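Asker:
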Amino acid sequence: MEKYELDFSQVAYMGDDEPDICILEKVAIAGCPADAVAKVQKVCNFKATKDGGRGAVRELCDFVFESVNFENEQ
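Numbering (our numbering), first residue to last: -17 to 56.
Quick look at the structure:
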């Protein structure tokens, strides 16, 4: 983040297990796949409908792109 001069309010992160919680609690968009452990799901503001390795990251990317009108800026 330092390299790109970003802070946590500019970051989307996806995690699925307890070690991810410390980061998920800091970022603007905290995402998890459908099969994430319950403790992770509780701290996330984006929950994919797909499991990890089955399209969950793509769902998060689509959500982020739609949120910032990415398609309209190209």
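The beta-carbon is built from N, C-alpha and C at its ideal position, and this holds for glycine as well.
Note that the structure is a prediction, hence the values are computed from the model and not measured.
The alpha helix (DSSP H) with C26 in it runs from where to where?
Answerer: Sequence index remark: in the sequence shown, residue 26 carries index 44 (1-based). Boundaries for C26: no alpha helix (DSSP H) harbours it, and the DSSP string shows neither H nor E there.
Asker: Are there 16 or more other CB atoms within 10 angstroms of the CB of G(-3), so buried, or fewer, so exposed?
Answerer: As a first step, residue -3 is located in the sequence shown; it is residue number 15 there, counting from the start. Result: buried.
Asker: Relative to the C-alpha of P1, which candidate in F47, A18, V46, V39 has its C-alpha closest?
Answerer: Numbered from its first residue, the sequence shown carries residue 1 at position 19. Sorting F47, A18, V46, V39 by C-alpha distance to the C-alpha of P1 places A18 at the top.
Asker: So what's A38 in DSSP terms, helix, strand or just coil?
Answerer: Here residue 38 corresponds to residue number 56 of the sequence shown, with the count starting at 1. Reduced to three states, the DSSP call for A38 is helix.
Asker: Just mark A38 as buried or exposed, buried being the case when its beta carbon has 16 or more other beta carbons within 10 Å.
Answerer: Here residue 38 refers to the residue found at position 56 of the sequence shown. It is buried - the Cβ of A38 has at least 16 other Cβ atoms within 10 Å.
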